[in-house]
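Notes follow the structure.
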Amino acid sequence: MLTLSVNGQRQSFDGDPSMPLLWYLRDELGLTGTKFGCGIAECGACTVHVDGDAVRACITPMGGVADRTVTTIEGLSTDGSHPVQKAWYALNVPQCGYCQAGQIMQAAALLATNKTPSEAQIHEAMAGNICRCGCYQRITAAVKAAATGA
Amino acid sequence: MKTIIENVSRRRFLVGAGGFVVAAQLLPAKAFAEMHADYQTGAAAMPHGVVTDPHVFVAIAPDGLVTIIAARAEMGTGAARTTLPMIVADELDADWSRVRIEQSPGNEEKYGNQDTDGSRSVRHFIQPMRHIGASVRRMLEIAAARHWGVDDGDVEAADHEIVNRKTGEKLGYGDVAAEAMALPAPAADQVRLKTPEQFRYIGKGTIKPVDQMDIITGKAVYGIDARLPDMKFAVIARPPVFGGKMASYDAADAMKVPGVEKIVVIEGTPAPAKFQPLGGVAVIASNTWAAMNGRDALKITWDDGPHAGYDSAAFRAEMEETARKPGVVLRDDGDAEKALASAAKVVTGEYYLPHVAHAAMEPVTATASFADGKLAVWAPVQSPGGTRDELAKRLALKPEDVTVHTTLLGGGFGRKSKCDYAIEAALLSREMGAPVKVIWSREDDIQHDYFHTVSVERIDAGLDQSGKVVAWRHRSVAPTILSIFAPDPKHEAPFEQGMGLVDNPFDIANLRCENGAAEAHTRIGWFRSVSNIPHAFAVQTMADEIAAAAGRDPKDMLLELIGPSRIVDPRKSVKNFWNYGDPVEVYPIDTARLRGVVELVAAKSDWGKGLPPRHGLGIAVHRSFLTYVATVVEAAVDEQGKLAVPRVWTAVDAGFVANPERIHSQMEGAAVMGYALARYGEITFKNGRAEQGNFDSYKVTRIDESPAETQVFIVEHGIDVPSSGIGEPGIPPFAPALCNAIFAATGKRIRHLPIGDQLST
Ligand code: FES
Ligand code: FES
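For the record, the sequence lines run as chains A and B.
The first sequence begins at 60 in this note's numbering and counts up one residue at a time.
The second sequence begins at 3 in this note's numbering and counts up one residue at a time.
As structure tokens, this is what we get:
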């Protein structure tokens, strides 16, 4: 039995500690905003924050998040008011939208540690997040807009 | 879960608000065209055609809230859930902030064709949606006139209100909604469409895509997100070779995995594959992780079947041999053989384009609940109506006992036109006696795709003394999509030939198109822009090769090949010419528009300007899905062969444009996917098995190498110029423009995709 905090709520888990956080969030808690895209840390669709850092939930075992604080897209803000979400909305970033929760969580983690990232730093931070629809141009612009509050 | 429940209640609400449900009204093509005094598309000829009964698509609540039905699938173009409803709302003159969108279930008898494929949504439905909106506006006016006891010519509906012109009195749309929606649909000559100056949303690009806020807050429901009470999770071990089957299995260890509840064998179907499951052994568990571990613990012996020897390298050599010999002649203008024989110079290009996988970010998936002889499925399907019919057939149910709820699609690109995964979920739910969600891992999704075909394209062009092209012979060899429907066809179907092969627009007197035989050894399916990918790559690379051979500027050479402005009608020389299912008279091949996008993109990219060393510009143009797209790519290749794409310019002529904002996003995205296709896209086969499985081996574009800036220029037209496709046409010109740019930058000609490491060797 282990406990963790998910979006500010205390949760306990007594299943297989090797189960990835992704499936716990999606199947057990019903937090489906965090997406499955590859299962091997190649696409970033499953990105969540663990103690504020962007991590890939698909390769993060439950045993590794005991007593830690997990934030998912549902917990970033409930109303889209996080600066990254606001920028995403203003620039109409999503196409199909499936990758976007992961993109937003990754961008939010970047801006939490680097308030004024250069384009190269944005690309470096976001290179693990695939968008098959190809929204990269707007993602770059939205991260910049979120950084400057534009 | 939440959305599912809401959908159910919303449907009741809809019927209640409308007061009754009117049977769908199917209009024959001719009547439909006359009714609009407009232009005729191929929409009515599609299965189940077009429904224009406003009662089917619009409901208005007493508080004025307007509900508009989205009957097609939304996969990111914005067409289904934003653009088409926006068109209805505009003609209805509704306040968009008081409009909500409801997704319909699959039911083509009721809603008309729902197959969201072929870049057809706006092209086929802009007129019906305008008519529906305008009909409801008229019904509101009639109801308000009756309310006031005045002539209906004295009232006018605008901006969610109806005004009595005589007295200045006003009623809200909701005030007379019940009476209005109880009226029959007005006769066609009673419906006034807006003039374009009156549009408030159409053509403006100011409406937010409707799911935007739900997407960025994680609330949007995709297929993989459907949840039902007591739902089980399944993964399936499928035959690794197409056409293979399970010979024997041992599930003892799988059953020991905690959470695993049941093992079910799914029967495959003999070829042709159609949209049926591949078969295999399913592991059903209480969560996805347990199901995946259970599958890993299965011991299965496969019988690999007739395609066990499929080797894509050997197959390529076979196709190249075929392309070096004459094939079936599809188009034969003049005498290409003679003209080639007497040409001063012959330029030959042999091009190879491999299989690719769709790899939408959401792997295919479906959730089914079978109970009491009734089936409900929640799935990301491009064709909800077709899925319902397939499910009914496979489970021997009446269509009315099958409900298909279309979720959002996390990308489709043609893969989700095939509903094999929905059938899997339905079969497993029936076996399990509980709701079941089938999850495909990324490896499942890539290795059991309906792959984009593999092609060899060979073009011989003959030039006379002056460098003018006098002969053109294009041989195309590629397994056909027909192979999933019919036993063993070996030639491209008219719908494949019409995608950039026989519709060649060049002004060349001696032009011949041939098609050599090729057998399919895996499931072949539509991939965003389909056969246009290989055909356009070959034609547009060859145009650049001819320019290089003749010492000409590639853009000037391209315009010379296109020739003067005229209408090209391949029907003169091509049997069964396929024009994307639309009439040639309405959507001709118009070289003025082809030239127009070339000239526009050349001007915008400052074609001919000086560039830094090892930078180059490349150009390509292609008409597909009745839309004309020209692209210029700037490539930079450093000494080590590292490729970068600093800029892309794309000019689009898609006729009248309903939602320019989403056209920009489609074209930006096409550059990114086009780059993936050109740079990395390849599925190889060995021993019948796809050799790539995930994004580590099947690479796609990432942000740090993506074209940095894509500028999109839309050719403006009035509403009288028929709207054409948008989702697909951005793809075909990208790869040839990129490879032509690489040639300009380095002198290295890319004839085989993907580019891979060709630049560093
Ligand atoms: S699903 Fe975790 S990185 Fe792709
Ligand atoms: S928006 Fe579709 S994958 Fe990114």
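Note that CB positions come from ideal geometry on N, CA and C, so glycine has one too.
Which residues does DSSP list as the beta-bridge partners of residue i?
i	result
GLU636 (chain B)	B:LEU619 and B:ARG649
LYS574 (chain B)	Answer is none; LYS574 (chain B) lacks a bridge partner.
SER71 (chain A)	A:THR62
ILE850 (chain B)	Shown here, chain B extends from 3 to 763; a query on residue 850 (chain B) therefore has no answer.
PHE487 (chain B)	Answer by DSSP bridge pairing: none, since PHE487 (chain B) is not bridged.
TRP380 (chain B)	B:THR369 and B:HIS407
CYS102 (chain A)	In the DSSP output, where bridge partners are listed per residue, CYS102 (chain A) has none listed.
LEU513 (chain B)	B:ASP335 and B:TRP474
Can you tell me where the beta strand (DSSP E) holding residue i begins and where it ends?
i	result
VAL267 (chain B)	262 to 268
ILE476 (chain B)	One point to set straight first is that residue 476 (chain B) is His, not Ile, in the sequence displayed. Run containing HIS476 (chain B): 471 to 479, per the beta strand (DSSP E) assignment.
GLY44 (chain B)	That residue, GLY44 (chain B), is in no beta strand (DSSP E); it is neither H nor E in DSSP.
TYR251 (chain B)	247 to 252
GLU158 (chain B)	157 to 160
ARG460 (chain B)	457 to 465
ARG115 (chain A)	112 to 115
GLY387 (chain B)	Where GLY387 (chain B) is concerned, there is no enclosing beta strand (DSSP E), although the alpha helix (DSSP H) it sits in stretches over 386 to 396.
THR69 (chain B)	68 to 72
Beta-carbon within less than 7 Å of residue i's beta-carbon, same chain only, minus the 5 sequence neighbours each way: which residues are those?
i	result
GLU445 (chain B)	GLY695 and ASN696
ALA206 (chain A)	LEU170, LYS174, THR175 and PRO176
LYS32 (chain B)	Here the model assigns LYS32 (chain B) a pLDDT of 46, short of 50, so the residue's position is not dependable and the matter cannot be decided.
MET669 (chain B)	THR652, VAL654, THR712, VAL714 and GLY732
VAL259 (chain B)	ALA292, ASN295, GLY296 and ALA299
ILE752 (chain B)	CYS741, ILE744 and GLN760
VAL165 (chain B)	VAL157, GLU158 and LYS172
ILE716 (chain B)	VAL654, VAL659, PRO662 and ILE665
GLY98 (chain A)	CYS117
Can you give the Cα-Cα distance for residue i and residue j, rounded to whole angstroms?
i	j	result
ALA519 (chain B)	PRO491 (chain B)	9 Å
ALA256 (chain B)	HIS360 (chain B)	31 Å
PHE745 (chain B)	SER344 (chain B)	29 Å
GLY351 (chain B)	PRO274 (chain B)	34 Å
THR175 (chain A)	THR712 (chain B)	24 Å
LYS196 (chain B)	ALA159 (chain B)	12 Å
ALA672 (chain B)	HIS666 (chain B)	10 Å
HIS473 (chain B)	LEU561 (chain B)	Looking at the sequence provided, one finds Ala at residue 473 (chain B) rather than His. Those two C-alpha atoms are separated by around 17 Å.
THR703 (chain B)	CYS102 (chain A)	11 Å
SER288 (chain B)	LEU377 (chain B)	21 Å
GLN70 (chain A)	LEU81 (chain A)	15 Å
LYS347 (chain B)	THR543 (chain B)	17 Å
PRO481 (chain B)	ALA316 (chain B)	15 Å
CYS105 (chain A)	GLY92 (chain A)	9 Å
GLN162 (chain A)	THR137 (chain A)	17 Å
SER708 (chain B)	ARG139 (chain B)	46 Å
MET88 (chain B)	TRP98 (chain B)	8 Å
ASP75 (chain A)	THR62 (chain A)	13 Å
PRO188 (chain B)	MET141 (chain B)	7 Å
LEU393 (chain B)	VAL639 (chain B)	51 Å
VAL600 (chain B)	GLY729 (chain B)	20 Å
What does a CB cutoff of less than 6 Å around residue i pick up in its chain, not counting 5 residues either side in sequence?
i	result
HIS407 (chain B)	PRO107 and TRP380
GLU547 (chain B)	VAL349 and GLY351
PRO738 (chain B)	PHE539, GLN542, THR543 and ALA622
Who are the near neighbours of residue i in its chain, counting only those whose CB is closer than 8 Å to its CB and skipping five residues on each side?
i	result
ARG396 (chain B)	GLN278, ILE425, ALA428 and LEU429
PRO590 (chain B)	ILE569, VAL570 and ASP571
Considering just the uninterrupted stretch of the alpha helix (DSSP H) at residue i, what are its terminal residues?
i	result
GLY134 (chain A)	132 to 135
SER667 (chain B)	662 to 681
ASN534 (chain B)	534 to 552
GLU445 (chain B)	444 to 449
TRP98 (chain B)	Taken as a continuous stretch (DSSP letters only), TRP98 (chain B) belongs to no alpha helix (DSSP H), as it is neither H nor E.
THR207 (chain A)	195 to 207
ALA125 (chain A)	From DSSP, ALA125 (chain A) is part of no alpha helix (DSSP H); its letter is neither H nor E.
VAL90 (chain B)	86 to 94
Is there at least one Cβ from chain C nearer than 8 Å to residue i's Cβ?
i	result
ALA480 (chain B)	Note that chain C does not occur in the displayed structure, where the protein chains are A and B.
With ligand 3 as the reference, list in chain order each residue whose Cβ lies under 6 Å from any of its heavy atoms. By its list of ligands, the structure shown excludes ligand 3, since it contains just ligand 1 and ligand 2.
To test your reading of the DSSP string, which unbroken alpha helix (DSSP H) runs of 4 or more residues are found completely within the segment 283 to 311 of chain B? Entirely contained in the segment 283 to 311 of chain B, the alpha helix (DSSP H) runs reaching 4 residues are, in chain order, 290 to 299.
4 or more residues per run - each alpha helix (DSSP H) lying fully within the segment 699 to 759 of chain B: 736 to 748
Whole runs of the beta strand (DSSP E) within the segment 325 to 357 of chain B, excluding any shorter than 3 residues: 330 to 335 and 347 to 355
What runs of the alpha helix (DSSP H), each 4 residues or longer, lie entirely inside the segment 118 to 152 of chain B? 123 to 150
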